[in-house]
Structure formats: C-alpha cells, structure tokens
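Below is one structure, written out as structure tokens; comments come after it.
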Amino acid sequence: METVAIGRLLQPYATLTDAQLALIATYIDLLLKWNARVNLTAVRDPEEIVTRHFGESFFAACQLIPPDWHGTVIDVGSGAGFPGVPIAMWAPGAAVTLLESNGKKAAFLNEVLYALGLKNARVVNQRAEVFSGRAELVTMRAVEKFERALLTASGLVAPGERIGVMIGVSQVPVARRAEGIEWGEPISIPGGHSRVLLTGTRLDAGGKD
37 METVAIGRLL QPYATLTDAQ LALIATYIDL LLKWNARVNL TAVRDPEEIV
87 TRHFGESFFA ACQLIPPDWH GTVIDVGSGA GFPGVPIAMW APGAAVTLLE
137 SNGKKAAFLN EVLYALGLKN ARVVNQRAEV FSGRAELVTM RAVEKFERAL
187 LTASGLVAPG ERIGVMIGVS QVPVARRAEG IEWGEPISIP GGHSRVLLTG
237 TRLDAGGKD
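Throughout the sequence shown, residue numbering follows our numbering, covering 37 to 245 in sequence.
Here it is as structure tokens:
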C-alpha cells in the first residue's frame, strides 16, 4: 500500500511520521506474504489490516505512553506483532519484549524486526506462564482464553505499574474480576467494532517471584 493511503486510514487513530508510515507499508507486505502459509490474521484486506491491526495498536500506544518514553514493555501473545511492534515503532526508546509461544509466529516476528530495523524490540519464543521477567507496561490483544491469559499477564506487571488490554466491550466485566489490579474506565477505540482499551495498575507485589 502507498504511505499516503495508510496515513489517511490511520487518521482517526494516530498521527504518524512519513518514516513510520513507510515501515508500516513494509510490515504489511511481510504480513500478507507470510499469511499465505502461516495463519497470522484472519483479516486479508490490506485496508482492514491497517485499521483493525495498526489503527488499534497505535491508538493504544498513544493512550498508554508518550513517544519519548523509555520504559519496559511485555506484549503477551504477540501473534502477528500487535500491539507490541507498533509500540516499539511509536516509542523508539522503549524496550519491548514480544512474547510468542508459537515458533512460526516467532520466526515471522523476528523477520519483521529485522526488516524494519527495530533495535528496541526482541522476540521471546516462550509461553508467558514460564517467562520470568516483569515490565512497567504489559499489553495484550486478541488472545485465546482471555480470563486465564489475563491472570498470567497481570503477574508480569511490576508492582505499581500498568497493564493495557484491547478487548471487546463484553469482556470488560471479566477483566474487572482480576485480583490485584485497579482498573480505569474503558476507552472506546475508533472504528465502530465495540472494542475498548482498558488500563489497570498493579496494586500488590503478587504474581511471579
């Protein structure tokens, strides 16, 4: 896709630089190429890929951190790289860990990071349940078994730090049942898909030792 078209589609979500738009164009080409043999996304239309995946991810990045932020991020179940890779693009000073247990998807993520020249992100081909790190921001989007995954993800949040999940409106009550997290109000994501960004702060030192 042309960068002008990408920028136009992303206007409701975030304002990006020409360099970032060029990286997105490269990313889309790789995603479409790999998706022919590895099930990375059910979305096949390039314009919908821009709005659903990149739009939602950059919208979350804008809400969660400023571009000059230098903290740590763990993206749980990165899959095709959303929102972790766009977060790394948005905040080049952040240290982003892409947690992905599927070997083929992890290989795709490594190729994306290489092609985009993103030095501030790394891929960890491991299940979140056995990962030993913690971060100042943990993100999660479109994961299976949401309630169980949320419990695991919340254990990766450093005490007093944040978790941001991109979920459907119907999942908000499920998220609010998670212990040890003080949730804010959900923020509606543009696009009309009843999707929200829900951000919480970890209150205790529980989770992983």
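For each residue, glycine too, the CB sits at the ideal point set by N, CA and C.
- For Arg-163 and Val-179, the gap between their C-alpha atoms comes out near 13 Å.
- As for any alpha helix (DSSP H) of minimum length 4 sitting wholly inside the stretch 172 to 213, the runs are 182 to 190 and 208 to 212, ordered along the chain.
- For secondary structure counted as the alpha helix (DSSP H) over 4 or more consecutive residues, the stretch 137 to 164 holds these complete runs in sequence order: 139 to 152.
- The beta carbon of His-106 sits closer than 7 Å to the beta carbons of Gly-129 and Ala-130 from its chain, once the five residues preceding and following it are set aside; these are given in chain order.
- One Cα belongs to Lys-141, the other to Ile-64, and the distance between them is close to 15 Å.
- The beta carbon of Thr-237 is closer than 6 Å to those of Arg-198 and Glu-218 in its chain, skipping five residues each way along the sequence.
- Secondary structure note for Arg-44: it is in no beta strand (DSSP E), and the uninterrupted alpha helix (DSSP H) holding it is 39 to 46.
- The straight-line gap separating the alpha-carbon atoms of Leu-68 and Thr-39 is approximately 16 Å.
- Straight-line spacing of the CA atoms in Phe-118 and Val-232 works out to 15 Å.
- Separation of Ile-223 and Leu-234 (C-alpha to C-alpha, rounded to the nearest whole angstrom) is 6 Å.
- A straight-line Cα-Cα distance of about 16 Å links Ser-137 and Leu-192.
- Within the DSSP bridge table, the entry for Leu-76 names no partner.
- Between the beta-carbon of Phe-94 and that of Leu-52 there is about 7 Å, and that keeps the pair under the 8 Å contact cut.
- The shortest CA-to-CA distance from Gly-115 to any of Gly-220, His-89 and Ala-171 is the one to His-89.
- For the pair Ala-171 and Ile-110, the CB atoms are nearer than the 7 Å cut-off.
- Here DSSP, grouped into helix, strand and coil, assigns Asp-54 to helix.
- In this chain, Ala-116 is not harboured by any alpha helix (DSSP H), its DSSP state being neither H nor E.
- Per DSSP, Glu-92 is one residue of the alpha helix (DSSP H) stretching across 92 to 100.
- Met-176 is the residue among Val-210, Thr-188, Ala-194 and Met-176 whose C-alpha sits nearest the C-alpha of Val-201.
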